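*Asks:*
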Amino acid sequence: CVPDFKQSLPSFREELDVLIQEQMKKGGSSSNLWALRQLADYMASHGSAAALTASPSNTGMMMVTPINDLHGLEPSGMVKGERLMRCKLASVHRLLDLYGWAQLSHTCLTLRVSKEQEHFLVLPDGLAYGEVTASSLVKVNILGEVVERGSTTLGIDLDSFSLHSAIYSTRPDVRCLLHLHTPATAAVSAMKYGLLPLSHEALLVGEVAYYNYNGLMEDEEDRVALQKSLGPTCKVLVLRNHGVVALGDSVEEAFYTIYHIQAACQIQVSALCSAGGEQNLIMLDRSVHKPNAAGTVGWAGSTFGPLTKSRLGEHEFEALMRTLDNLGYRTGYAYRFPVLLERSRTRREVEVPATVHSFQFEEEGVHPLPRQHPYAQRQQQEKTRWLNTPNSYLRVNQDQASPGHQRTTWLKTEEMQQGSGAIKIENSNQFVPLFTNPQEVLETRNKPETPNPFNQLTDKELEEYRKEVQRKAEGQTDGK
Numbered sequence: 001c002v003p004d005f006k007q008s009l010p011s012f013r014e015e016l017d018v019l020i021q022e023q024m025k026k027g028g029s030s031s032n033l034w035a036l037r038q039l040a041d042y043m044a045s046h047g048s049a050a051a052l053t054a055s056p057s058n059t060g061m062m063m064v065t066p067i068n069d070l071h072g073l074e075p076s077g078m079v080k081g082e083r084l085m086r087c088k089l090a091s092v093h094r095l096l097d098l099y100g101w102a103q104l105s106h107t108c109l110t111l112r113v114s115k116e117q118e119h120f121l122v123l124p125d126g127l128a129y130g131e132v133t134a135s136s137l138v139k140v141n142i143l144g145e146v147v148e149r150g151s152t153t154l155g156i157d158l159d160s161f162s163l164h165s166a167i168y169s170t171r172p173d174v175r176c177l178l179h180l181h182t183p184a185t186a187a188v189s190a191m192k193y194g195l196l197p198l199s200h201e202a203l204l205v206g207e208v209a210y211y212n213y214n215g216l217m218e219d220e221e222d223r224v225a226l227q228k229s230l231g232p233t234c235k236v237l238v239l240r241n242h243g244v245v246a247l248g249d250s251v252e253e254a255f256y257t258i259y260h261i262q263a264a265c266q267i268q269v270s271a272l273c274s275a276g277g278e279q280n281l282i283m284l285d286r287s288v289h290k291p292n293a294a295g296t297v298g299w300a301g302s303t304f305g306p307l308t309k310s311r312l313g314e315h316e317f318e319a320l321m322r323t324l325d326n327l328g329y330r331t332g333y334a335y336r337f338p339v340l341l342e343r344s345r346t347r348r349e350v351e352v353p354a355t356v357h358s359f360q361f362e363e364e365g366v367h368p369l370p371r372q373h374p375y376a377q378r379q380q381q382e383k384t385r386w387l388n389t390p391n392s393y394l395r396v397n398q399d400q401a402s403p404g405h406q407r408t409t410w411l412k413t414e415e416m417q418q419g420s421g422a423i424k425i426e427n428s429n430q431f432v433p434l435f436t437n438p439q440e441v442l443e444t445r446n447k448p449e450t451p452n453p454f455n456q457l458t459d460k461e462l463e464e465y466r467k468e469v470q471r472k473a474e475g476q477t478d479g480k
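Mapping to UniProt numbering: the sequence shown position 423 is 423, numbers consecutive.
1. Among the candidates Met-78, Ile-67, Val-64, His-71, whose CA atom is the shortest distance from the CA of Gln-21?
2. How would you call Gln-268, buried or exposed, if buried means at least 16 neighbouring beta carbons within 10 angstroms?
3. Starting from Asn-397, follow its DSSP beta bridges and name the residues at the other end.
4. Is it a yes or a no for the segment 165-182 touching the segment 239-250, going by three-plus beta-carbon pairs under 8 angstroms?
5. Taking the alpha carbon of Thr-107 as the reference point, which residue from Ile-258, Ser-169, Phe-337 has its own alpha carbon closest?
6. Using only CA atoms, which one of Ala-319, Ile-156, Gln-279 lies nearest to Leu-198?
7. Closest to Asn-68 by CA distance: which of Val-251, Gly-328, Pro-183 is it?
8. In the DSSP assignment, the alpha helix (DSSP H) including Ser-229 goes from what residue to what residue?
9. What does the Cβ neighbour count give for Ala-473, buried or exposed, with the cut at 16 atoms within 10 Å?
10. Keeping to the same chain, check which residues put their C-beta closer than 7 angstroms to that of Ser-136; ignore five residues upstream and five downstream.
11. Given a cut-off of 8 angstroms, decide if Cys-265 and Thr-185 are closer than it, judged by their beta-carbon atoms.
12. Report the three-state DSSP secondary structure of Phe-120 (helix, strand or coil).
13. Nearest CA to the CA of Arg-311: which residue from Thr-65, Tyr-99, Tyr-256, His-405?
14. Going by Cα to Cα distance, which pick from Glu-82, Glu-15, Cys-87, Gln-400 is closest to Leu-324?
15. In the structure shown, what three-state DSSP assignment does Tyr-465 receive?
16. State the start and end residues of the unbroken beta strand (DSSP E) segment that holds residue 507.
17. Applying the 10 Å Cβ sphere with the 16-neighbour rule, what's the burial state of Leu-239?
18. Does DSSP classify Ser-344 as helix, strand or coil?
19. For Lys-192, which of helix, strand or coil comes out of DSSP?
20. Indicate the three-state DSSP secondary structure (helix, strand or coil) for His-260 in the structure shown.
21. Cα separation between Ala-142 and Met-283?
22. If the criterion is Cβ atoms closer than 8 angstroms, does the pair His-260 and Glu-318 meet it?
23. Report all residues from its chain with a CB closer than 7 angstroms to the CB of Val-132; omit the five preceding and five following residues, and keep chain order.
24. Take the Cβ of Arg-345 as the centre, count every other Cβ of all protein chains shown within 10 Å, and call the residue buried at 16 or more, exposed below.
25. Report the residue from Pro-338, Val-113, Thr-170, Asp-399 whose alpha carbon sits nearest the alpha carbon of Arg-83.
26. Can you give the beta carbon distance from Val-188 to Val-236, rounded, assuming they're within the 8 angstroms contact cut?
27. To the nearest whole angstrom, what separates the beta carbons of Leu-121 and Leu-111, a pair I think is in contact under 8 angstroms?
28. Could you give the residue range of the beta strand (DSSP E) that holds Glu-148?
29. Applying the criterion that 16 or more other CB atoms from any shown protein chain within 10 Å of the CB defines a buried residue, is Phe-435 buried or exposed?
30. Name the DSSP beta bridge partners of Ser-310, please?
31. In the DSSP assignment, find the unbroken alpha helix (DSSP H) run with Phe-383 in it and report its ends.
32. What's the gap between the Cα of Ser-287 and the Cα of Val-208?
33. How about Gln-398 and Thr-409: do their beta carbons lie closer than 8 angstroms?
34. So if DSSP puts His-179 in a beta bridge, which residue, or which two residues, is it bridged to?
35. Compute the beta-carbon to beta-carbon distance between Pro-291 and Leu-154, rounded to the nearest angstrom, for a pair I have assumed lies under 8 angstroms.
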């Protein structure tokens, strides 16, 4: 029973998440929603296992804590979009922990939340990268003073944040800073020639700036020297003997840059160890070798049609977020690009069945009229229009000049002043009152007509009757 229960945990957790989303849309009671949330968090932290494949020492199975632990409405202390920013920065901490790049206090990741108030999100001092959640991040101002402590009671490392504060003050366009101090990046930062153009990854990072960092940024002279070294557009800063800092307009761009810096440093260290020196290596010419950054549209765009525009590193970051979500981390990331193409829906795929059906009762002896051909329908419509035209015509035989010849023509009679309009007559039952019994209509139609009383009179009697009626009519006219 235990293996079956473990296999059913992911599906049960998915059904639980769907139930929570439905309750939130319906506006359910807070107590029930809170209970479901507690159960979902318990399942995510105790029922999901993540495989750490970053290094051989990390291989195995372990339980993870969900990243997005912010539920309900945003607190009053959060600005617009801060929830997503917290989830992104916490997810980057988890990624660095999975890749084995977390070097305790030597690594520092920060994110600018608001440019107007100059607030930043920082990892609390003493919290491991594998423990970081969205609510545990601390919000500080440009001076390092705590604005919102988060869900922990820990403070921040002011010495590490002083460097980030100086960079943010120098570069207002920067939103995210990732400081990496792995053995490969620390080794390259200790080399006199710095980062060499040995690989495709080294060319992707672009312009590189160097700064002699002594561990503190207290003096104004140090800040001025940092500003001169960094410049207005550089996105990579190599701290001599102290690792590398990646600057980005977004979390996605900063992680994209730091990932390729780490790869370029590993390639350079391995190449120098194998070749025995810089003179034995082949350098790439930056003016000739121009790599295409992620998100650019080249020949593939002209072949397969226009691609969706994205920011630098956004596709790669979303792929990593999907990986974390599949492992049970619950990143809370808002995806912009769907993985699967949505199939166009047909009319047969009805979500809501019809509640009213079209039907009619069949009367005995009454058969429905067969459907007419479109050509026959047009003929019937033309005939109806001719019979209901407001103009009346009279057939007249006109004598010709030559004897014995006549010409038949249709002459238009004078139009009569009528107060009513033409009525379109299409079937014999048009003037039958509504809700009349069809059987009664049939009996009335088939009933034999009464004989005409004038049919029994002779022509002489009819002529006398006509003269009498005419005489009475003339007498009434004279009397008036």
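In this text, a Cβ means the ideal position worked out from N, Cα and C, and glycines have one as well. Quantities reported herein were computed from a predicted structural model and do not represent experimental measurements.
*Replies:* Reading it off the structure:
1. Locating residue 21 in the sequence shown gives position 21, counting from the first residue. Of the listed residues, the one whose Cα sits closest to Gln-21 is His-71.
2. Counting from 1 along the sequence shown, the entry for residue 268 is found at position 268. Gln-268 should be labelled buried.
3. The residue labelled residue 397 in the question sits at position 397 within the sequence shown. According to DSSP, Asn-397 bridges with Thr-408.
4. yes
5. Taking the first residue of the sequence shown as 1, we reach residue 107 at position 107. Nearest of Ile-258, Ser-169, Phe-337 to Thr-107, Cα basis: Ile-258.
6. Looking up residue 198 in the sequence shown gives position 198. It is Gln-279.
7. On the sequence shown, residue 68 is found 68 positions in, with the first residue counted as 1. Among Val-251, Gly-328, Pro-183, the Cα nearest to that of Asn-68 belongs to Gly-328.
8. Your numbering for residue 229 matches position 229 in the sequence shown. Its alpha helix (DSSP H) spans residues 220-230.
9. For the purposes of this step, residue 473 is identified with residue 473 of the sequence shown, where counting begins at 1. Exposed, because fewer than 16 other Cβ atoms sit within 10 Å of the Cβ of Ala-473.
10. To locate residue 136, count along the sequence shown from 1; it is residue 136. Around Ser-136: Pro-124, Leu-127, Gly-150, Ser-151, Thr-152.
11. Translated into the one-based positions of the sequence shown, residue 185 becomes position 185. Translated into the one-based positions of the sequence shown, residue 265 becomes position 265. In this structure, Cys-265 lies closer than 8 angstroms to Thr-185 by Cβ.
12. Your numbering for residue 120 matches position 120 in the sequence shown. Of the three classes helix, strand and coil, the one that applies to Phe-120 here is strand, per DSSP.
13. Here residue 311 is taken as the residue at index 311 of the sequence shown, counted from 1. Here the closest residue by C-alpha is Tyr-256.
14. Position 324 of the sequence shown, counting from 1, holds the residue named residue 324. Measuring from the Cα of Leu-324, the nearest candidate turns out to be Cys-87.
15. Sequence index remark: in the sequence shown, residue 465 carries index 465 (1-based). Reduced to three states, the DSSP call for Tyr-465 is helix.
16. Here the chain comprises residues numbered 1 to 480, so residue 507 is not present and cannot be evaluated.
17. Translated into the one-based positions of the sequence shown, residue 239 becomes position 239. So Leu-239 ends up on the buried side.
18. In the sequence shown, the residue the question calls residue 344 occupies position 344. It is coil, neither helix nor strand.
19. By 1-based counting over the sequence shown, the position of residue 192 is 192. DSSP places Lys-192 in coil when its eight states are reduced to three.
20. Within the sequence shown, the letter at position 260 stands for residue 260. Three-state result, His-260: helix.
21. Walking along the sequence shown from the start, residue 142 turns up at place 142. Walking along the sequence shown from the start, residue 283 turns up at place 283. Reading the sequence as shown, one finds Ile at residue 142 and not Ala. So the alpha carbons of these two residues sit roughly 41 angstroms apart.
22. In the sequence shown, counting from the first residue as 1, residue 260 sits at position 260. In the sequence shown, counting from the first residue as 1, residue 318 sits at position 318. Not in contact: His-260 and Glu-318 (Cβ atoms no closer than 8 angstroms).
23. Taking the first residue of the sequence shown as position 1, residue 132 is located at position 132. For Val-132, where only same-chain residues beyond five positions count, the Cβ hits under 7 angstroms are Ala-90, His-93, Arg-94, Leu-123.
24. On the sequence shown, residue 345 is found 345 positions in, with the first residue counted as 1. Flag for Arg-345 reads exposed.
25. As a working note, residue 83 is residue 83 in the sequence shown. If we check each option's Cα against that of Arg-83, Val-113 comes out closest.
26. Sequence index remark: in the sequence shown, residue 188 carries index 188 (1-based). Sequence index remark: in the sequence shown, residue 236 carries index 236 (1-based). With 8 angstroms as the limit, Val-188 and Val-236 do not qualify as a contact, their Cβ atoms being about 11 angstroms apart.
27. In the sequence shown, counting from the first residue as 1, residue 121 sits at position 121. In the sequence shown, counting from the first residue as 1, residue 111 sits at position 111. Leu-121 to Leu-111, Cβ: 5 angstroms. Contact.
28. Position 148 of the sequence shown, counted from the start, is the residue given in the question as residue 148. Glu-148 -> beta strand (DSSP E) spans 146-148.
29. Against the sequence shown, residue 435 aligns to sequence position 435. Its Cβ having fewer than 16 others within 10 Å, Phe-435 is exposed.
30. Residue mapping note: residue 310 aligns to position 310 of the sequence shown, counting from 1. None, per the DSSP bridge assignment.
31. In the sequence shown, counting from the first residue as 1, residue 383 sits at position 383. Position check: residue 383 holds Lys in this sequence, whereas Phe was assumed. Taken as a continuous stretch (DSSP letters only), the alpha helix (DSSP H) holding Lys-383 covers 374-387.
32. Position 287 of the sequence shown, counted from the start, is the residue given in the question as residue 287. Position 208 of the sequence shown, counted from the start, is the residue given in the question as residue 208. The straight-line gap from Cα to Cα measures roughly 15 angstroms.
33. Here residue 398 refers to the residue found at position 398 when the sequence shown is read from its first residue. Here residue 409 refers to the residue found at position 409 when the sequence shown is read from its first residue. In contact: Gln-398 and Thr-409 (Cβ atoms closer than 8 angstroms).
34. Counting from one through the sequence shown, the residue named residue 179 turns up at place 179. Partner(s): Cys-108, Val-245.
35. Sequence index remark: in the sequence shown, residue 291 carries index 291 (1-based). Sequence index remark: in the sequence shown, residue 154 carries index 154 (1-based). Contact doesn't hold; Cβ gap of about 41 angstroms is too wide.
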